[in-house]
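Presented below is the structure to which this report refers.
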Amino acid sequence: MHEILAGGCQCGEIRYEVDPQEILTLYCCHCMDCQRQAASAHGMSMLVNPAGFRVTQGELKIWQCRVDQGYFKQHHHCGTCGVRILHTRDADGPDDALSLKAGSLDATDHLHPVGHIWTKRKQPWVIFHPDALVYDWTPDDDFRALTDAYRARRKDRNGA
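Counting from 1, position 45 in the sequence shown corresponds to residue 123 in the numbering used here; the numbering is continuous, with no gaps.
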C-alpha cells in the first residue's frame, strides 16, 4: 500500500489528495507566468493523471487565459486566499494530465524535479543539477522524456 499525499491552499479552505502512483513527472517551469504566479524564480509542476487527484474539502474556482502557444490554460485556485492548486489545458500536454502546483503539498521535502522547461526565461543565477533534463521551451515530445526520467527515478527508489 502506498501513502496518499495531501495538500491544500494557504488559508485551509481547499484540501486535496494525490495518489503517488498516478504522478507522471515533476519539473520546474521558468516561464514568466510561472515566475509571476509563484512570486519566485520558477514554478514547480507535478503532472498527475486526473484519476489520481481529488479535492477533499472546498471548491476550486477557475479562470482561464490564452498562452503564447495559442491554447487556453485553466487556473484552479482557492477563491479565498487565491493560491493556485493546479492547471489544466486544452492542448500541449500528456493526454489530459493535471499540472499540480507541487508547492501546495503539505510535505515537499521529498520532491526532486527531474527537469526544467522554459529555461530561456530563467533567472541568470539559476544553476541546474547535471542530471536534470533542460529544455529551452516546452518539450516537443509530449513530456515523454520527463515522464520516463521520473518513472526511472521512482523505480530506483522503490526497487521495483
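C-beta atoms are modelled at their ideal positions from N, C-alpha and C, and glycine is treated no differently. This structure is a prediction, so every number in the text was calculated from the model and none was measured.
C-beta contact flag for residue i and residue j at 8 angstroms
i: V161; j: C87; result: yes
i: I92; j: V133; result: yes
i: H108; j: R167; result: no
i: G181; j: Y105; result: no
i: L224; j: T103; result: yes
i: G130; j: Q99; result: yes
i: S57; j: K179; result: What is shown of the chain runs 79 to 238, which leaves residue 57 out entirely.
Extent of the continuous beta strand (DSSP E) run through residue i
i: C106; result: 101 to 107
i: G193; result: 193 to 195
i: H155; result: 150 to 155
i: K139; result: 139 to 144
i: H190; result: Element bounds for H190: n/a, residue is neither H nor E.
i: Q135; result: 131 to 135
Where residue i falls, given that 16 or more other Cβ within 10 Å makes a residue buried
i: V96; result: buried
i: A230; result: exposed
i: C156; result: buried
i: C89; result: exposed
i: I82; result: exposed
i: P191; result: buried
i: I205; result: exposed
i: M110; result: exposed
i: T186; result: exposed
i: A227; result: buried
i: A175; result: buried
i: F150; result: exposed
Beta-ladder partner(s) of residue i, from DSSP
i: A84; result: E95
i: S177; result: L125, H165
Boundaries (first-last residue) of the alpha helix (DSSP H) holding residue i
i: C112; result: 110 to 116
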